[in-house]
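Engineer:
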Amino acid sequence: MLSSINQRAGVAQHPHADTLRAALLSAYGGQCAITGCAVAAALQVALIDLSGPIETSNAILLRADLARLFNAGLLAVDAISLRVSLAVEIADAPDYAALSDALLRQPARIAMRCSRQILDAHYRRFLLRQRAAATRRSVADLVAMPTVASPKLLRALAVKSWVNSVAYSSDGALVATGSWDGVARVWRAGDGYLLHALQADLGEVNGISFSPDGRWLAAAGRNQIVQVWRMSDGAAVSSFRGPDGHSGAVCSVCFSPDSASIASGSWDHSACIWRIGESAPIRRLSDHGGAVNSVSFSPSGRLIATGSHDRQVRIWRAADGALLNTLHGHTDAIFSVAFSRDGRILASAGTDGSIRLWRVADGIPLYTLQSNSGAVFSVSFSPDGTHLASGDYSRSVRIWRVHDGALLHTIPAHGEGVTSLAYSPDGLSLASGSFDAALKIWSLQAEG
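Take the sequence shown: its letters are residues 4 to 451, numbered as in this note's numbering.
(1) Could I get the ranges of all uninterrupted alpha helix (DSSP H) runs contained in the segment 9-86, with 4 residues as the minimum, in chain order?
(2) I'd like to know whether the C-beta atoms of residue 23 and residue 80 end up nearer to each other than 7 Å.
(3) At which residue ranges does the segment 234-302 contain complete beta strand (DSSP E) runs of 3 or more residues, listed in the order of the chain?
(4) Does the pairing of the segment 85-96 with the segment 371-391 give three or more beta-carbon distances under 8 Å?
(5) Grab the span of the beta strand (DSSP E) containing residue 199 for me, first residue to last.
(6) Report the CB separation of residue 208 from residue 222 in whole angstroms; it is logged as a contact under 8 Å.
(7) Let me confirm a value: residue 155 is counted as buried when at least 16 other C-beta atoms fall within 10 Å, else exposed. Which label applies?
(8) Could you check which residue in 280, 329, 290 has the C-alpha nearest to that of residue 366?
(9) Please go through the segment 374-399 and give each complete beta strand (DSSP E) segment of 3 or more residues, from N-terminal end onward.
(10) Which of the three DSSP states, helix, strand or coil, is assigned to residue 121?
(11) What's the C-alpha gap between residue 73 and residue 105?
(12) Please name the residue, chosen from 85, 275, 238, that lies closest to residue 252 on a Cα-to-Cα basis.
(13) Quick check: the segment 167-176 against the segment 263-277, are there 3 or more CB pairs under 8 Å?
(14) Alpha carbon to alpha carbon, what distance is there between residue 278 and residue 351?
(15) Whole angstroms is fine: what's the gap from residue 213's alpha carbon to residue 244's?
(16) Measuring straight from C-alpha to C-alpha, what distance separates residue 356 and residue 379?
(17) What's the gap between the Cα of residue 242 and the Cα of residue 441?
(18) Can you tell me whether residue 162 is buried or exposed, with buried defined as 16 or more other CB within 10 angstroms of its CB?
(19) Rounding to the nearest angstrom, what Cα-Cα distance links residue 118 and residue 45 in this structure?
(20) In the DSSP assignment, find the unbroken beta strand (DSSP E) run with residue 154 in it and report its ends.
(21) Just curious, the beta strand (DSSP E) that residue 226 is in, first and last residue?
(22) Once you ignore the five residues that flank residue 272 on each side, which residues in its own chain have a CB closer than 7 Å to its CB?
(23) Residue range of the beta strand (DSSP E) that residue 334 falls in?
(24) Going by DSSP, what residue range makes up the beta strand (DSSP E) through residue 417?
(25) In the DSSP assignment, the beta strand (DSSP E) including residue 445 goes from what residue to what residue?
(26) For residue 124, which residues in the same chain have their Cβ closer than 7 Å to its Cβ, ignoring the five residues on either side in sequence?
(27) Does residue 143 pass the burial test, meaning 16 or more other C-beta atoms within 10 Å, or should it be called exposed?
(28) Sort out for me which residues DSSP pairs residue 160 with in a bridge.
(29) In the structure shown, what three-state DSSP assignment does residue 449 receive?
(30) So, helix, strand or coil for residue 192, using DSSP?
(31) Nearest to residue 50 by alpha carbon, out of 69, 300, 414?
(32) Is it buried or exposed for residue 43, if we count other Cβ within 10 angstroms and need 16 for buried?
(33) Using a Cβ-Cβ cut-off of 6 Å (strictly less than) and excluding sequence neighbours within five positions of residue 108, which residues of its own chain qualify?
(34) I want to see whether chain D comes within less than 7 Å of residue 371, judged by CB atoms only; does it?
(35) Beta carbon of residue 115, beta carbon of residue 30: below 7 Å?
(36) Can you tell me whether residue 99 is helix, strand or coil according to DSSP?
So this is what it looks like as structure tokens:
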């Protein structure tokens with residue numbers, strides 16, 4: 004039968020080998036379940052669980068080389084999506100790279116299909132091995148990993164009110180703050196000069212976001228409003244509110260990477276997607292069981308992540324609002340979610356004091372960072388994705404290394420809790436806002 008039966012008893016010795024092979028050849032139409040290879044002599048039966056029963060529920064028909072990779076734990080199939088995953092050792096190999104995300108074909112007859120439960124157990128063992136291998140590579144590569152200079156304070160700006168949110172413009176020239184007094188302020192990053200103090204009927208400003216093209220600034224307000232201003236002159240251009248909008252305070256706001264859409268999260272347990280110039284949201288994401296405190300577009304714009312008081316992180320498809328994954332692990336309200344710049348990792352943080360990193364592709368938790376600092380209000384990835392900054396109730400800004408979760412720096416940054424963080428686009432500066440009514444900008448450049 005194949006490498007799997009060979010390992011247990013040998014093809015010739017096992018009484019059911021020929022029967023199983025014949026049954027699978029018929030069920031799969033004489034083709035490999037992954038590649039479609041139709042050369043019968045090149046096909047083998049691969050047992051999913053080598054210690055399990057020798058029957059169709061525990062077997063798939065594969066090309067001989069793929070059967071060996073499958074049994075060696077270098078290739079696996081997600082039991083839910085039926086997508087193929089490759090171990091890092093072979094992911095870039097010319098003969099196999101194209102198989103990543105290929106779909107496993109299923110026999111037309113349900114009775115001939117492999118057990119999803121057995122397939123899932125194989126897939127989970129594969130993920131555990133990959134995670135262990137990644138940990139070993141982390142240790143081996145540690146000395147080569149980039150470090151970050153200890154942050155030095157460049158300037159401290161008095162905002163005159165609690166700062167709830169900070170954001171950099173895409174060119175790094177401007178920093179915006181949203182604060183308790185209902186004002187969105189725009190500062191020149193180079194010298195701290197206040198350019199605009201923008202107001203609307205917002206109540207407190209809970210969230211702030213520049214559009215990536217630099218044309219707009221959006222703010223999330225307590226009075227159930229998302230306000231958009233034009234950056235060239237500070238003019239108000241859109242105000243999203245009313246019966247079709249949010250029915251609770253708006254907590255968070257984020258532009259899509261193409262600047263065409265805005266996502267907002269609210270105390271009404273929903274997130275909305277808006278377009279400038281349209282009065283009603285084009286889509287509402289409403290499966291959360293608590294306030295949506297944070298929203299974030301993925302760098303590709305295809306996904307939206309939300310973090311909620313219901314202790315859950317959810318990942319949605321932006322195009323149609325389909326819920327793709329719900330991530331469990333936090334034990335209290337989630338205040339911040341952020342994608343890495345390559346979109347492969349999602350960070351979340353909240354009242355339970357933990358920072359959790361998740362693999363976006365399948366929602367697998369990578370690891371948890373625990374600073375024992377009380378609630379973590381904000382997380383932000385560096386532009387190169389190598390570091391993560393966090394701001395917390397203990398008044399500190401912390402810099403973590405993403406590669407292995409090492410805590411590199413702890414800065415006693417403010418006189419009250421740190422509510423929001425934003426890296427400059429070049430990664431050389433970090434802005435922090437706090438309940439102490441200050442905006443601080445920190446240099447991350449090495450001296451000399």
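A virtual CB, placed ideally from N, CA and C, is assigned to each residue, including glycine.
Remember, predicted model here, so these are calculated numbers, not experimental data.
Structural biologist: Looking at the atomic coordinates:
(1) Note on the segment 9-86: whole alpha helix (DSSP H) runs with a minimum of 4 residues are 20-30, 67-74, in chain order.
(2) The residue labelled residue 23 in the question sits at position 20 within the sequence shown. The residue labelled residue 80 in the question sits at position 77 within the sequence shown. Not in contact: residue 23 and residue 80 (Cβ atoms no closer than 7 Å).
(3) Under the rule that a run must span 3 or more residues, the beta strand (DSSP E) segments found entirely inside the segment 234-302 read 239-243, 253-258, 264-269, 274-278, 286-288, 295-300.
(4) Touching, no.
(5) Taking the sequence shown and counting its residues from 1, the one referred to as residue 199 is at position 196. It spans 197-202 - the beta strand (DSSP E) in which residue 199 sits, taken as one unbroken run.
(6) Stepping through the sequence shown from its first residue, residue 208 is reached at position 205. Stepping through the sequence shown from its first residue, residue 222 is reached at position 219. With 8 Å as the limit, residue 208 and residue 222 qualify as a contact, their Cβ atoms being about 5 Å apart.
(7) If you number the sequence shown from 1, residue 155 lands on position 152. When all chains shown are included, residue 155 counts as exposed.
(8) In the sequence shown, the residue the question calls residue 366 occupies position 363. Cα-wise, what sits closest to residue 366 is 329.
(9) With a minimum length of 3 residues, the continuous beta strand (DSSP E) runs that stay inside the segment 374-399 are 379-384, 390-395.
(10) By one-based count along the sequence shown, residue 121 stands at place 118. For residue 121, the secondary structure class from DSSP, reduced to helix, strand or coil, is helix.
(11) By 1-based counting over the sequence shown, the position of residue 73 is 70. By 1-based counting over the sequence shown, the position of residue 105 is 102. Rounded to whole angstroms, residue 73 to residue 105 spans 14 Å at the Cα level.
(12) Residue mapping note: residue 252 aligns to position 249 of the sequence shown, counting from 1. For residue 252, the nearest C-alpha among the options comes from 275.
(13) Here the segment 167-176 makes no contact with the segment 263-277; the two share fewer than three CB pairs at distances below 8 Å.
(14) Stepping through the sequence shown from its first residue, residue 351 is reached at position 348. Stepping through the sequence shown from its first residue, residue 278 is reached at position 275. Residue 351 and residue 278: Cα-Cα distance of roughly 26 Å.
(15) In the sequence shown, residue 213 corresponds to position 210, counting from 1. In the sequence shown, residue 244 corresponds to position 241, counting from 1. If I take the Cα positions, the gap works out to 19 Å.
(16) By 1-based counting over the sequence shown, the position of residue 356 is 353. By 1-based counting over the sequence shown, the position of residue 379 is 376. Cα to Cα, the separation comes out at about 5 Å.
(17) Counted from its first residue, the sequence shown places residue 242 at position 239. Counted from its first residue, the sequence shown places residue 441 at position 438. Computed Cα separation, rounded: 27 Å.
(18) Walking along the sequence shown from the start, residue 162 turns up at place 159. So residue 162 counts as buried.
(19) Position 115 of the sequence shown holds residue 118. Position 42 of the sequence shown holds residue 45. Each residue's Cα considered, the two are about 24 Å apart.
(20) Position 151 of the sequence shown, counted from the first residue, corresponds to residue 154. Run containing residue 154: none; DSSP gives neither H nor E here.
(21) Locating residue 226 in the sequence shown gives position 223, counting from the first residue. Premise fails: residue 226 is in no beta strand (DSSP E) and is neither H nor E.
(22) Taking the sequence shown and counting its residues from 1, the one referred to as residue 272 is at position 269. Closer than 7 Å at Cβ, skipping near neighbours: 289, 291, 292, 293, 294, 295.
(23) Position 331 of the sequence shown, counted from the first residue, corresponds to residue 334. Premise fails: residue 334 is in no beta strand (DSSP E) and is neither H nor E.
(24) Here residue 417 refers to the residue found at position 414 of the sequence shown. In this chain, residue 417 is not harboured by any beta strand (DSSP E), its DSSP state being neither H nor E.
(25) Here residue 445 corresponds to residue number 442 of the sequence shown, with the count starting at 1. In the DSSP assignment, residue 445 falls within the unbroken beta strand (DSSP E) covering 441-446.
(26) Position 121 of the sequence shown, counting from 1, holds the residue named residue 124. 52.
(27) One-based indexing of the sequence shown puts residue 143 at position 140. Here the model assigns residue 143 a pLDDT of 44, short of 50, so the residue's position is not dependable, and the following value carries that caveat. Its Cβ having fewer than 16 others within 10 Å, residue 143 is exposed.
(28) Position 157 of the sequence shown, counting from 1, holds the residue named residue 160. DSSP output for residue 160 lists 442 as bridge partner(s).
(29) Reading the sequence shown from its first residue, position 446 is the one you call residue 449. Residue 449: coil per DSSP, three-state reduction.
(30) For this step, residue 192 is matched to residue 189 along the sequence shown. The answer is coil: DSSP assigns residue 192 none of H, G, I, E or B.
(31) The residue you call residue 50 lines up with position 47 of the sequence shown. Selected option, being the one with the closest Cα: 69.
(32) Taking the sequence shown and counting its residues from 1, the one referred to as residue 43 is at position 40. Burial is judged here by how many other beta carbons sit within 10 angstroms of a residue's own beta carbon; residue 43 has fewer than 16 and is exposed.
(33) To locate residue 108, count along the sequence shown from 1; it is residue 105. Leaving aside the five residues that flank residue 108 on each side, the residues in its chain whose CB is nearer than 6 Å to its CB run, in chain order, 36.
(34) The question asks about chain D, but that chain is absent: this structure has only one protein chain.
(35) Position 112 of the sequence shown, counting from 1, holds the residue named residue 115. Position 27 of the sequence shown, counting from 1, holds the residue named residue 30. For the pair residue 115 and residue 30, the CB atoms are nearer than the 7 Å cut-off.
(36) Here residue 99 refers to the residue found at position 96 when the sequence shown is read from its first residue. It is coil, neither helix nor strand.
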